[in-house]
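Chains as they are written, first to last, in our numbering: chain A, 264 to 990; chain B, -12 to 141.
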Amino acid sequence: MQRREGLAKLTGRERYVDDLPLENFLWGMTVRSPAPRGRITAVRFGNDVDWSEFVIVDHRDIPGPNEILLIERDQPVLAASHVRHVHEAVLLVAHPSREMARRAAQAVEIVVVPEPAALDFRVAPRPEQIQYAADNVLKQLKIEKGDVERALAHAPVVVEGAYETGAQEHVYLETQGMIAWLEEDVLVVKGSMQCPYYVLNALQHALGRDERRVRVIQAPTGGGFGGKEEYPSTIALHAALLALKARRPVKLVYDRSEDMAATTKRHPALVRHRTGLTEDGRLLAQDIEVILDGGAYVTLSPVVLSRGIIHAAGPYACDHVRIAGRAMFSNAVPFGAFRGFGAPQTLFACERHMDVIARTLRMDPVELRRKNLIRDGQRTATGQVIQDGTDRVAVLERALALSTFEEKRRAHTAFNAAQRSKRRGIGLATFYHGAGFTGGGEVHLNSRLRVAGLPDGRIEVLSANIEMGQGTLTVFTQIAAERLGVTPDDVVIGEPDTARVPNSGPTVASRTTMVVGHLIERAVDDLRTRVGLDDRARGSVVKDAIAHWYAAHPGGRLVGEAVYEPPPGISWDEQRYQGDAYGAFAWAAYVAEVEVDLRTCATRVIDFVAVQEVGKVINPTLARGQVQGGVVQGVGWALMEECKFKDGAMVNNQLTNYLIPTSDDVPPIRVAFVENPYPHGAQGAKGLGELPIDGPAPAILNAVAAATGTEPRAIPLTPERLMDLTR
Amino acid sequence: MSTVQVVFTLNGAAVSLDLDPAERLLDTLRYRLGLTGTKEGCGEGECGACTVYLDGLPVNSCLVPTYQVRGARVESVEAIAAERLGPFLAQGATQCGACTPGVVMTALWIGAHPELLETHTIRELMAGNLCRCTGYDGIVDAVSTALGHGEPPV
């Protein structure tokens, strides 16, 4: 099936938040902290602005608690007396003219008496820099399996390494934006977001409104990648506060520079490995330390850390594993959800380290992986028994065959000997990604989904899960249509509007197709039962039964429902961090071929092969597109995307100096799927969206290592960084 | 604020506007004329989401003061016939859609000038349109499918 809303997007008819018709509205603007930490002593309004024309909101206008509801309640909606990071929102202004609002925001001075800021998450804070708990540690987690110290003490070979990854900006092409207005006493907020119920909960909390007086609607969303998971709650609150005070609709849309400066990014990370092995390369012990920069508020850092450490040991079997992780407070703009959610950082370290190990042992990195890839019946670091029937070595072999890995390696030896200034290399990464919320997370979410029969026999899917480019509308349509044997035209996907749809959970964590899609299957089964049919009834039989039901029940409403149920046999111990971390893992092997110019130290990816096992592929075109897009985002993270920080804030907050890959920076991404249907996912699907960003960075750096003989350990591997290694 | 009168042809029809001479063509299209198909991605000519044709050439409308198009011919994505877009749908050239109208404008312009491919690759020619979702393969495949006809975009 072709993308459902594709033609509307291609013709420009799709209306995103800034495209929606809105009458008699004000433009909102945000006034932000100039300092990374300090006490606000004054707010000065410039003399050259007629302030009577403006609606102005500060923390005193917040009806409820000045807290953005998330895991903790430490982050204010608007800073009151203290600021903890540059660009922290302090004041809001609104005016009918966008230009006037912009100028007014610039004419407000926030006077801050500076206090000592913590700006390097890698070094222990000095006492005067402590701002969270006793040690600035936002969250600490540990996974332990076996006896690592003993195993390391007896290991014939121990290899150590430290690896660093930088922040990454999402660069969704549509910037963050919200509109808010009042309908009678109901506050309506509509905009670009991944999680309508997160926004609803945050609005209810800080505005002191019950859910009957708040309604959140997702507008078509121009990319998210995690960047529109938690941040939209903030901008929604800001738009709502202005609209409540103005009693008029308010539109708050960031321009690119504000979006890049003020919103979340991928957590920077430092990961240390100490690995014990036999001389022939069998893993005996993995001792891993993971440190994330969380930024100035807790936000989602505890769960990013959780996913990060769970993936840190890689898709390998090892009897003795210890993974200690901590997320550190710093006076940086809070880091947040970004595709992969901690796993790309730890898998970069793991997979780069595997090649360092191979070189130390004078062993083929392919053979090292063949030897250690987890087999069915073996246990992960959390003790989860892998028993899914996927042949992970076969996934690797497929990637090697498609990329002609061995032939290229030989060809590179000849090429590199013949060339003066060019070097070629090929590298790989084998990895995995757990789909859905971690551990008991899905049970805790308790997602519910509804489908409604329509009087004409069609079916409407009512879910809070959203389309942001990844294909939800299309795949949900396919899942419902296939289950009932009807055509895609017989399926309507309802607008994610909290007044109409139940809370089927956030659109994050590679859960939408696998988890929510499966709820659709169960909800349409329920609907079919309610019209007196069994699972064999399909097509026009079902449609006719729905139409008959309405004829027999005037004024009635026919619905089918499903509530999440965990797959049988899943158990998770949150205290000991042991058990089944995920219902299913997707498995992958990626191969990158690079050419390095030794004069400029520029690295170019010249071929890329991505092979993955993601269960059943429901829509091949969409699935391939997810992989290709994820890989290219990974190429950017690996080689060019560098957030430059000053006082904890991004200073290259423009697409002029924060570079993402263009079509000319990447080769065709060659994608292949190995299919092994997962019985508890929709049509056998597992999660896919995040997996493709885990593999490119280590595969590319391993290729650079092979090409140049250096051991790069930090990304982005810009020409400057590589020059330091090669000279 | 003093305004000036600007007369130009937009999607085949004459337009006459009184506006601030510094107003961006992008804002004129979006906020004054309600043609919201043209998107703002960066506001500084890096991303190509706001691509329109100015006298037949693709330009970033965020960098063009509307005053500059007086007497000129402007076409926006709204002028593109939907029938032309089949290959883009089939190849998965659109995901989130925010870059898409700009991509379509550049892609159809390349399709109208197949001689460019004697000296440039599609990837080089498309490099002014940033896309964060597709990884570009769907776009490049769609452009090559739609190529060779030399058909004018509008």
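C-beta: ideal position from N, C-alpha, C; glycine also.
This structure is a prediction, so every number in the text was calculated from the model and none was measured.
Sorted by chain position, which residues of the same chain lie with C-beta nearer than 7 Å to E723/A's C-beta, five sequence neighbours on each side aside?
Within the first sequence, numbered from 1, the residue matching residue 723/A stands at position 460. V714, A715, L717, V755, G757.
Checking the sheet assignment: what are the DSSP bridge partners for Q403/A?
As a first step, residue 403/A must be located in the first sequence, where it is residue number 140. Its beta-bridge partners are R589/A.
Which of the three DSSP states, helix, strand or coil, is assigned to L796/A?
As a working mapping, residue 796/A is identified with position 533 in the first sequence. Looking at L796/A - three-state DSSP - the assignment turns out to be coil, as it is neither helix nor strand.
Please report the residue range of the beta strand (DSSP E) in which I722/A lies.
Taking the first sequence and counting its residues from 1, the one referred to as residue 722/A is at position 459. Run containing I722/A: 722 to 725, per the beta strand (DSSP E) assignment.
Less than 8 Å between the C-beta atoms of G454/A and F601/A, yes or no?
Counting from one through the first sequence, the residue named residue 454/A turns up at place 191. Counting from one through the first sequence, the residue named residue 601/A turns up at place 338. No, they are not a contact pair.
Quick one: is I97/B near chain A, going by C-beta distance under 8 Å?
In the second sequence, residue 97/B corresponds to position 110, counting from 1. No, no contact with chain A.
Just tell me which of I406/A, I373/A, A414/A, E437/A has its CA closest to the CA of G732/A.
If you number the first sequence from 1, residue 732/A lands on position 469. Of the candidates I406/A, I373/A, A414/A, E437/A, the one whose C-alpha sits nearest the C-alpha of G732/A is E437/A.
Nonlocal neighbours in the same chain, by C-beta distance under 6 Å from T866/A, ignoring five residues either side
For the purposes of this step, residue 866/A is taken as the residue at position 603 of the first sequence. Cβ within range, chain order: V857, V859, L902, V967.
So that I know if they touch, is there some Cβ in chain B lying closer than 8 Å to that of R519/A?
Against the first sequence, residue 519/A aligns to sequence position 256. R519/A counts as touching chain B.
Going by DSSP, what residue range makes up the beta strand (DSSP E) through R673/A?
What you label residue 673/A is simply residue 410 of the first sequence in a count that begins at 1. Segment 668 to 681 is the alpha helix (DSSP H) holding R673/A; no beta strand (DSSP E) there.
Specify, as a first and last residue, the run of the alpha helix (DSSP H) that L289/A falls within.
Counting from 1 along the first sequence, the entry for residue 289/A is found at position 26. Premise fails: L289/A lies in the beta strand (DSSP E), 289 to 295, not in any alpha helix (DSSP H).
Interface residues of the region 264 to 282 of chain A facing chain B [CB-CB below 9 Å]:
Q265, R266, E268, G269, L270, A271, K272, L273, T274, G275, R276, E277, R278, Y279, D281, D282
My output table needs one value for P52/B: the three-state DSSP class, helix, strand or coil.
The residue labelled residue 52/B in the question sits at position 65 within the second sequence. Three-state DSSP puts P52/B in a strand.
Chain B beta carbons: is any one of them nearer than 8 Å to that of R887/A?
Taking the first residue of the first sequence as position 1, residue 887/A is located at position 624. Yes, because at least one Cβ of chain B sits closer than 8 Å to the Cβ of R887/A.
Per-residue burial, H417/A [other beta carbons within 10 Å of its own, 16 or more giving buried]:
Position 154 of the first sequence, counting from 1, holds the residue named residue 417/A. H417/A comes out exposed.
So A99/B and G137/B are in contact, right, with Cβ under 8 Å, and what is the actual spacing, rounded?
Position 112 of the second sequence holds residue 99/B. Position 150 of the second sequence holds residue 137/B. With a Cβ gap of about 6 Å, A99/B and G137/B count as contacting.
Closer than 7 Å at the beta carbon, the chain A residues around G(-1)/B
Your numbering for residue -1/B matches position 12 in the second sequence. Chain A residues near G(-1)/B: none, gap ~16 Å exceeds 7 Å.
Would you call P961/A buried or exposed, if buried means 16 or more other Cβ atoms sit within 10 Å of its Cβ?
Taking the first residue of the first sequence as position 1, residue 961/A is located at position 698. P961/A comes out buried.
Identify the continuous beta strand (DSSP E) that holds E446/A and give its terminal residues.
What you label residue 446/A is simply residue 183 of the first sequence in a count that begins at 1. Its beta strand (DSSP E) spans residues 440 to 446.
Beta carbons nearer than 7 Å to chain A: which residues of the region 49 to 72 of chain B have them?
V64, E65, I67, A69, L72
Once the 5 residues before and after G897/A are set aside, which same chain residues still bring their CB inside 6 Å of it?
Residue mapping note: residue 897/A aligns to position 634 of the first sequence, counting from 1. The answer, listed in chain order, is I956, P959, A960.
Apart from the five residues just before and just after E277/A, which ones in its own chain have a Cβ nearer than 7 Å to its Cβ?
Along the first sequence, read from residue 1 onward, the residue named residue 277/A stands at position 14. Hits under 7 Å: E268, A271, P483.
Suppose contacts are defined by Cβ-Cβ distances below 8 Å. Is E62/B in contact with V91/B by that definition?
Residue mapping note: residue 62/B aligns to position 75 of the second sequence, counting from 1. Residue mapping note: residue 91/B aligns to position 104 of the second sequence, counting from 1. Contact flag unset, no.
Of all the CB atoms in chain B, is at least one closer than 8 Å to the CB of S773/A?
Taking the first residue of the first sequence as position 1, residue 773/A is located at position 510. For S773/A, the answer is no, since every Cβ of chain B falls outside 8 Å of its Cβ.
When burial is assigned at 16 or more other CB atoms within 10 Å of the CB, is W314/A buried or exposed?
If you number the first sequence from 1, residue 314/A lands on position 51. That one is exposed.
In the DSSP assignment, find the unbroken beta strand (DSSP E) run with P45/B in it and report its ends.
Indexing the second sequence from 1 puts residue 45/B at position 58. Looking at the DSSP string, the run of the beta strand (DSSP E) that includes P45/B is 44 to 47.
According to DSSP, simplified to helix, strand and coil, what is A595/A?
Your numbering for residue 595/A matches position 332 in the first sequence. Three-state DSSP puts A595/A in coil, outside helix and strand.
If we ignore side chains and look at the alpha-carbon of each, how far apart do P1053/A and I869/A end up?
A question about residue 1053/A goes unanswered here, because the residues of chain A that appear run from 264 up to 990.
Mind checking which residues open and close the alpha helix (DSSP H) that includes P74/B?
What you label residue 74/B is simply residue 87 of the second sequence in a count that begins at 1. Element bounds for P74/B: 73 to 77.
Is the Cβ of C86/B closer than 8 Å to any Cβ of chain A?
Locating residue 86/B in the second sequence gives position 99, counting from the first residue. At least one chain A Cβ lies under 8 Å of C86/B.
Endpoints, alpha helix (DSSP H) assigned at F848/A
Here residue 848/A refers to the residue found at position 585 of the first sequence. Unbroken run through F848/A is the beta strand (DSSP E), 847 to 860; no alpha helix (DSSP H).
Straight-line Cα distance separating L725/A from R763/A
One-based indexing of the first sequence puts residue 763/A at position 500. One-based indexing of the first sequence puts residue 725/A at position 462. Their backbone Cα atoms lie some 7 Å apart in a straight line.
Going along chain B, which residues have a C-beta under 8 Å from T526/A?
Along the first sequence, one-based indexing puts residue 526/A at 263. Those do not exist, as T526/A stays about 15 Å from chain B at its closest Cβ, beyond 8 Å.
Taking the CB atoms as reference points, tell me whether I963/A and G690/A lie closer together than 8 Å.
Mapped onto the first sequence, residue 963/A falls at position 700. Mapped onto the first sequence, residue 690/A falls at position 427. It is a contact, given that the beta carbons lie within the stated cut-off.
Counting only C-beta atoms, is C37/B closer than 8 Å to chain A at any point?
Residue numbering aside, residue 37/B sits at position 50 when the second sequence is read from its first letter. Taking Cβ atoms only, chain A never reaches closer than 8 Å to C37/B, which makes this a no.
Assuming contact is defined by CB atoms lying nearer than 8 Å, are R615/A and N965/A in contact in what I supplied?
Looking up residue 615/A in the first sequence gives position 352. Looking up residue 965/A in the first sequence gives position 702. Yes. Within cutoff.
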